[in-house]
Every structure is written in C-alpha cells, then in structure tokens.
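Counting from 285, one number per residue, gives the positions in the sequence shown under the numbering used here.
For glycine and all other residues, C-beta sits at the position ideal for the given N, C-alpha and C.
Quick caveat, the model's predicted, so the values are computed rather than measured.
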Amino acid sequence: MTPYALIRPLLFALDAERAHELTLGLLATGDSLAFWPPSPPGANSVEVMGLQFPNRVGLAAGLDKNGTAIDGLSRLGFGFLEVGTVTPRPQPGNPKPRLFRLPEHEAIINRMGFNNAGIDALRERLAHVRYRGILGINIGKNFDTPIEKAVDDYLICLDKAYPLGSYITVNISSPNTKNLRQLQGASELDALLAALKSRQTELADRHGKYVPLALKIAPDLDPGQITNIADALRRHRIDAVIATNTTLGREGVESSPLATEAGGLSGSPLFEKSTTVIRSLAHALGGELPIIAAGGITSGERARAKLDAGAALVQIYSGLIYKGPQLVRDCIEATSA
Ligand SMILES: Cc1cc2nc3c(=O)[nH]c(=O)nc-3n(C[C@H](O)[C@H](O)[C@H](O)COP(=O)(O)O)c2cc1C
C-alpha cells in the first residue's frame with residue numbers, strides 16, 4: 285500500500301476544493317515532502333520544443349494556478365510543471381461548489397472559471413521560487429473581456445510571462461469561460477496565432493531568448509476542426525500543441541448523480557477521447573511540431589499509450605488526485621526509452 289492510499293480517504297472525506305487547498309498548502313511548504321525520495325538523475329532526458337526535459341512527465345495546468353506550490357510539486361519528480369491558467373487581472377472564478385469528484389469513475393467535473401490571482405501576482409511569486417526546472421506558464425483571458433478583445437488579454441499575459449516561463453501555453457479550450465472555445469474557429473484562431481507569433485518574435489529579440497509557444501486545445505473537436513487547427517499551427521510556426529483540456533461530454537459517467545453538473549470532465553473517462561484527438565493531430569501534423577498529451581492518464585500504461593498515439597510528452601492532473609504521487613514515478617518509468 286502506498287502512503288497516499290492511507291491519506292486519500294481523509295482527503296476524500298473533505299469537500300473537493302477544501303482538500304485541494306489543503307494539499308496545495310502542504311506542498312507549498314516543500315519541506316512536507318522531505319520523506320519523498322528525490323527523483324533519479326536524468327537518463328530519460330529528452331529534447332522537445334528546443335528545451336531539454338529531464339523526463340516526459342509533467343504536471344498539467346490548473347492544479348497550481350498561482351504557482352504557490354512549485355517547489356513542493358517539483359519534489360514529486362515531474363520533468364516539467366505548468367502553472368496557471370493566469371489572466372491579466374485577478375478574478376474569483378465561478379461560485380462554489382464548482383469542483384466535484386466522481387470516485388467510482390476516477391473522474392472530476394470542474395467549473396472553476398479561471399479563479400486566479402492574476403499575472404502580476406504570479407510574476408511576484410516566481411521571483412521567490414527555488415525551482416530551476418522547466419516551467420510552463422498557461423495564459424488565458426479574463427471572464428469579462430469581450431471575446432472580440434481576447435487577443436489583447438493573451439498579449440498582455442505573453443508580455444509579462446515571457447521572461448519567466450520556459451514555454452508559454454495559450455489556453456483557448458477551457459469550457460468554463462463563456463465563448464472561449466470560439467477561438468478555436470478558423471478565422472479567430474488565425475488572427476490570434478498571427479498576433480502571438482509576431483509578439484513572440486519581438487519578445488525574443490528584446491529579451492535575447494526564444495520562449496516556445498504551445499496551444500492547448502479541447503477534446504470536443506471533429507476531424508475537420510482538428511485538421512484546420514493543425515494547418516494553422518504549422519502555418520504560424522507554433523512550437524507545440526497540448527491535447528487535451530477537459531470535455532463537455534459525459535460518456536462513461538452517465539450513471540453518476542453528479543454527471544449533470546455543468547463544467548469540464550477530466551480523468552479516466554476522458555482517456556479514449558483525448559487519445560483519439562492525439563492520433564488525428566499526429567496524422568495532420570506529420571511530425572512538424574510536438575504534441576503534449578493530457579487526458580485520463582491514470583497509470584504508466586496509459587502514459588505510454590499517449591506516446592504510442594504520437595505524443596512526445598505527457599501531463600497529469602486528475603490521475604494524481606486518485607493515485608497520488610506514485611503515479612508520477614509509474615509514468616516516468618513507463619515512458620522512459
Ligand atoms: C480542477 C481542474 C482545474 C483545471 N484548470 C485548468 C486551467 O486553469 N487551465 C488549463 O489549461 N487546464 C486546466 N485543467 C485541465 C487539465 O490541465 C487537463 O488538461 C485535464 O484535466 C485533462 O487531464 P487529466 O484527465 O489528467 O485531468 C483543469 C483540470 C481540473 C480537473
């Protein structure tokens with residue numbers, strides 16, 4: 285039995301968001317993980333987006349939105365961490381309750397709505413972080429910024445995140461910010477990526493370093509939409525794509541009384557759907573840019589399956605809630621050459 289198997293019933297006895305805050309608070313001290321053995325040195329190192337990753341397993345966005353637990357999380361052995369989503373201004377997110385566990389399905393439904401302290405607070409926080417590994421910063425738009433002005437919000441965040449991130453993720457796939465997913469449409473995406481690419485070129489010049497851009501997409505896309513997105517990514521020379529965010533679908537959890545809660549579904553039932561997106565993307569991209577997989581990774585075997593479908597790196601979130609930190613090690617082992 286892993287230590288987490290003992291702790292989990294205590295955490296699951298609490299309201300989901302309360303348990304999340306408590307765990308993040310403990311991780312924030314970093315020292316609470318002193319018992320956790322350090323991760324083995326870098327025999328599994330891999331180059332993706334021009335960056336050297338010590339292993340292929342990362343933390344997905346949304347768990348540490350404000351970067352308060354980076355040092356503690358890094359102790360779990362991740363090859364990279366992604367913080368955010370952050371928005372230009374702080375915002376409280378949706379009313380509670382907004383986070384639900386479906387333990388019989390190893391799933392989560394959330395409608396957090398980008399609750400975060402804003403990009404300036406994240407910058408301040410990052411100034412005090414000891415972690416020197418690969419850090420992705422995931423950026424979004426404020427809920428009250430009209431969708432026609434979304435590009436402005438992404439550019440504000442890109443300017444401020446650029447000097448501090450190893451890569452920047454552009455999140456246009458949260459289901460909990462009204463109309464956000466419209467940005468995946470052909471003309472909207474074209475305009476957004478053109479603006480971001482041109483700003484990235486300016487910033488690379490200004491800061492004397494190239495910081496890659498990744499686009500994070502939804503699993504709820506038909507094959508035609510996936511082809512359009514792949515074409516846009518290649519045309520605008522975006523550095524990577526993260527597939528996928530949570531789903532609006534409820535396949536596999538229909539029997540749960542919580543299935544009717546609004547929000548995005550993640551965890552085990554998302555696995556097949558998001559892996560199918562990876563396969564289509566891999567085909568459409570022809571290896572031109574790397575895919576980072578997220579969605580339903582609850583075992584080392586499933587992490588491996590994402591690589592087999594065409595991904596270069598994987599990220600986990602919900603699996604961590606159900607399986608605990610041992611999952612990081614299992615995934616590293618299963619995705620090492
Ligand atoms: C509670 C919760 C909050 C999330 N918040 C974000 C977020 O702020 N930004 C983002 O890009 N993805 C967010 N995600 C999506 C995850 O990063 C990931 O893409 C998705 O959950 C699928 O992976 P999983 O099945 O391993 O959880 C969130 C997921 C959960 C469960």
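Bridge partners for residue i per DSSP, in chain order?
i	result
lysine 500	Asn455 and Ile526
asparagine 512	Answer by DSSP bridge pairing: none, since asparagine 512 is not bridged.
asparagine 394	Leu383 and Gly548
isoleucine 600	Leu343
threonine 286	Threonine 286 pairs with nothing; no bridge assigned.
threonine 531	Leu549
Using a Cβ-based criterion (distance less than 6 Å to any ligand heavy atom), does residue i qualify as near ligand 1?
i	result
threonine 371	no
threonine 530	yes
isoleucine 522	no
asparagine 455	yes
glycine 361	no
asparagine 378	no
proline 602	The residue you asked about is not proline; residue 602 is serine in the sequence shown. At least one heavy atom of ligand 1 is nearer than 6 Å to the Cβ of serine 602, so yes.
leucine 554	yes
serine 550	yes
isoleucine 501	no
glycine 402	no
isoleucine 392	yes
asparagine 422	yes
alanine 445	no
alanine 514	no
glycine 579	yes
methionine 396	yes
alanine 344	yes
**Item:** 3 or more residues per run - each beta strand (DSSP E) lying fully within the region 294 to 376
**Value:** 330 to 332, 335 to 337, 341 to 343 and 364 to 370
inquiry  = Quick test of the definition: if touching needs 3 or more C-beta pairs under 8 Å, does the region 495 to 508 touch the region 453 to 460?
reply    = yes
Notebook entry, point to check: Can at least three beta-carbon pairs, one atom from the region 296 to 314 and one from the region 351 to 365, be found at a separation below 8 Å?
Noted result: yes
query: What are the complete beta strand (DSSP E) segments, minimum 3 residues, inside the region 545 to 586?
result: 548 to 551 and 575 to 578
*What alpha helix (DSSP H) runs, 4 residues minimum, are completely inside the region 397 to 485?*
403 to 410 and 434 to 445
Using 8 Å as the cut-off, can you tell me whether the region 545 to 564 makes contact with the region 368 to 377, which would need three or more C-beta pairs spanning the two stretches below that distance? no
Report yes or no: do three or more beta-carbon pairs, one from the region 413 to 429 and one from the region 468 to 477, lie closer than 8 Å? no
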